[in-house]
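What follows is one structure encoded as C-alpha cells, with my remarks underneath.
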Amino acid sequence: PTRRRLLVAAALWLTVLGGWWWSRGDDAARPRGDDRPTRRAQLPQAARQQLDALRRLPGLAWRGGGTVDLDVPAGMLRVAGHVQDRKGGGVAEVEVVFAGDAGEASVVTDASGAYALAVSAGDYRVFVRSDDVISVGAGEADRLPGLPDAMVSGVPDVALATRLAIAADRDHVDLQVEPAGRVRGRVIDRQGRPIAGAVVRAMSGGPRPVLGTDVGESDGDGQFELRVPAGLYALDATHDRYAGTTERAELMVEAKQVASAELTLVGGCILTGRVVARGGQPAGDGAIERHWGHGAVTDQARFAPAGRIESDGSFRWVTTEEEEVTLRAWPWKSPPSPAKTFACREGARFDNIVFELGSMAPDVDGTIRNADGSPAAFAFIDLGALSEGGIGQQERADADGRWNVYNMPAGEYEVTVSTEDGGIVTRTIQVPARGVDLTLSGSGSIEGTAVGVEGSLTARLTGCAHRGRGRTELVEVRGGRFRIDRVSACEQTVFFEAGGRRVHQYVEVAAGQVARVELDLTPLREKTVVGVVLAGDGTPVAGAAVGAISDDGEGETEYVSTDSRGRFELRTTGSTVVANLDGAFGATRLGAADVDREEVTIHLEREHFDDIDQPSEPDEVIE
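This is the structure we're talking about:
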C-alpha cells in the first residue's frame, strides 16, 4: 500500500488545522499514581559510563521504588519531574540535560522515569539524551539552501530544545520524548564501492532531533545511521570528491523501526572558490544564486538562492546536471557580484573561482530596533513586491540593527521584520528609499486556565509572520493557572500539550498587555475502532493503510493495514479515520458517544480531504 501518500495527505489536512507537525500520537495519559507502563530506554554508551558518577554527585540520593531525593545546596533550586513517552509512561535511565549560560547540568532518570536536580535560577534549554528516545523541536526554515555539514553531525542544536525559566523550586517538570526511528544505509559510488566520510542528511518539514542525529557520516564501509522522529524524509549526501546523488531518496521512517536506504554518489560538477569585496578583502556569508531559465542574465527575477557562502567568503557549489549554469555571489548587506557561466558535465571541476562584488549604493537603507530602543541585531528583513516589475528580497541587519538592500527595481514593496520574542513590524515603502527606520511591536503575555493538568504544560508559539521563528516553552501550572511572558506582540497560533493531549488556539497578543485563554487538556478517552475499507464498487480492499487524526491538530503517525477481507482494527483518541491505497483516499468521522468500541465503513473514492463523512450512527456500538 502507498502508506506514504496516506501520511502526506493526512499531514496536509492537519496543516489546514494549523498543526500537522505537532502530531505525535493521541494516546491518553493516565493520572499519576495509576499503573502506568514504564519503558527502559538504552543510554548512549558515553552516558552509561557516567551513570555511576552521576549517582555519586554530592546531595543526590538514589532510592528504590522510583523515588529521587535531593539535598539542595544553599542558593540553588530544586527541579523535579518525569521523562514520559507519548502514552504518559515513564522512561528509565535516560539523561536529562539542562543547558544554561553557565553550562550544562544533567542527571539520569530512575526506574520510574523520575529525576531531580539542583540548578541556579535562570533560563534553560532542556532535552534528553538517549539512543532509543529523542527530544525534538521545531527549527526555523533555512533561508539559504546548503549542503550537509559534517560539523553539525550529532551536535546538539539547543535552539530546538524546550525553554524553561527557573525562578523557584519546581515539581512536575515533565519532559515528553519521541520514540526514535532509525535510518540505516550505505553510501556507494557508481561501481558499488563504499564511500567513507560522506555526510548524509535526513530532511522533513516536521520537527528535528535536538541532538542533531538527523545528520551523520559514513564509516569505512560506507555505512551510516540516523535517528529521527517518525515521518516522511528526503535523504541527501555529499563528499569532498563527489557532487551528490542523482536522485534524492525519499522514505517513510516509523517510530521504533529501521528504514533502509542506499545512496549512490556521482562525481558531477563541483565549483569552489571565494567571494571578495572591492579591494580583495573576504566578503561575509550569504547566498550563491543561480540564474534559472533562458532569459537574459540581467533579468534579476530569474536569480534565486542555490547555495551558501561561508563566513570567511569561501563557497562550494555542486550539481549533477550536465548543462551550462550561471551563478553569482550575493552576501548579506552587500551588492551582488557579476554573474559567471560554467559548462558543467560529469567530472567537471572548477577551482579557485573568485566572485568580486560590485560597487553600488543601496536602494534602501535604514535601522531596525526593538520596542525598548535597542538594536535588533542580525534581524532578518523580508521585502515583497507590490507593484509590477518588483522582486522578492531578503536581507539581514548588522549587529547595530543597520540594514541595506541593493539591486532593487523601483516600485512599491512591503517590508516585514519579526523576531522570536521581540514582535513584528510591517511597512509599505517606495523604492528607492532612505532612512527606513523600523521598530518592532514588542512583547506581551499570555495568561490562562488549564483544565486537566497540574504541574506543567508545553506551549509552542509559532511566532509572527510566515518566516518567523517560534519557540517551545515548558510552562508551570499552579492551581490550574499559567502565564507565559515575553511573547511577541502579534496574532499567532499557540499549541498547548500536557499528558498526551494537544490543543491549539489563535491568540492576539498586544504589547505590554495580557491575552487570556482557556484550555481543556483533559486526557481524551481511547477507543477501539474496527471497520472495513471498501472500493467504489463496494468490494473489500485488502492492504489499505488506515490511520487516525483529530480536529484539534492531533494525529497518529502509526497505521494499520487492512486484511484480505478489508477489515482493520486500531486504538485511537482521534476523531477521523482515514484510509489510502494507490492514490485513492477515504475518510470517516467517529461518533461522539463515550463508548469503548465503534465500527465504521470507509469508502475509497476521494482524492482529497475536502469532504469527510460526518459522524453517523456507528454500525455497531459495544458498551
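Under our numbering, the first residue of the sequence shown is numbered -19, with each subsequent residue one higher.
Ideal Cβ placement from N, Cα and C applies to all residues, glycine included.
All figures in this text were calculated on a predicted structure; none of them were measured in a lab.
Item	Value
Beta-carbon proximity list for residue 412, same chain, < 6 Å, skipping 5 on both sides	343
First and last residue of the uninterrupted beta strand (DSSP E) at residue 410	403 to 411
Residue burial classification, residue 77 (beta-carbon count within 10 angstroms, cutoff 16)	buried
Of the residues 278, 432, 485 and 324, the one placed nearest residue 223, counting alpha carbons only	324
Cα-Cα separation between residue 283 and residue 337, rounded to whole angstroms	16 Å
Cα-Cα separation, residue 184 to residue 136	18 Å
Residue 130 (DSSP reduced to helix, strand or coil)	helix
Simplified DSSP assignment, three categories, for residue 282	helix
Collapsed DSSP secondary structure at residue 524 in the structure displayed	coil
For residue 387, the nearest candidate out of 408, 379, 427 and 341 (CA to CA)	341
For residue 138, the three-state DSSP class (helix, strand or coil)	helix
Exposure of residue 557, with buried meaning 16 or more beta-carbon neighbours within 10 Å	buried
For residue 285 and residue 315, the rounded distance between their alpha carbons	14 Å
CA-to-CA distance, residue 454 to residue 92, given in whole angstroms	21 Å
The beta strand (DSSP E) enclosing residue 605, as first and last residue numbers	The question about residue 605 has no answer here: the residues shown for the chain are numbered -19 through 603.
Where residue 112 falls, given that 16 or more other Cβ within 10 Å makes a residue buried	buried
Close Cβ partners of residue 288 (< 6 Å) along its chain, the five nearest in sequence each way excluded	124 and 126
Coil, strand or helix - residue 470 by DSSP	coil
Span of the beta strand (DSSP E) around residue 232	229 to 233
Residues near residue 604 in its chain [Cβ-Cβ closer than 6 Å; skip 5 each side]	Outside the shown range of the chain (-19 to 603) lies residue 604, about which nothing can therefore be said.
Nearest candidate by alpha-carbon position, reference residue 246, set 209, 281, 293 and 171	171
Residue 361 - containing beta strand (DSSP E), residue span	360 to 365
Proximity to residue 328 [Cα-Cα], best of 312, 304 and 318	304
Rounded distance between the beta-carbons of residue 196 and residue 204, thought under 8 Å	5 Å
Sufficient close CB pairs (3 or more, under 8 Å) joining the segment 232 to 239 to the segment 147 to 167	yes
Residue 560 classed as buried or exposed, judged by whether at least 16 other C-beta atoms fall within 10 angstroms	buried
Residue 492 versus residue 351: straight-line alpha-carbon distance, rounded	10 Å
Burial state of residue 62, where buried means 16 or more other Cβ atoms lie within 10 Å	buried
Proximity below 7 Å, CB of residue 373 to CB of residue 363	yes
Straight-line Cα distance separating residue 326 from residue 239	30 Å
As assigned by DSSP and simplified to three states, the class of residue 430	strand
C-beta atoms of residue 426 and residue 416 nearer than 7 Å	no
C-alpha gap between residue 59 and residue 497, whole angstroms	27 Å
Per-residue DSSP class, three states only, for residue 212	strand
Boundaries (first-last residue) of the beta strand (DSSP E) holding residue 249	249 to 256
Local Cβ density within 10 Å of residue 147, reported as buried at 16 or more and exposed below that	exposed
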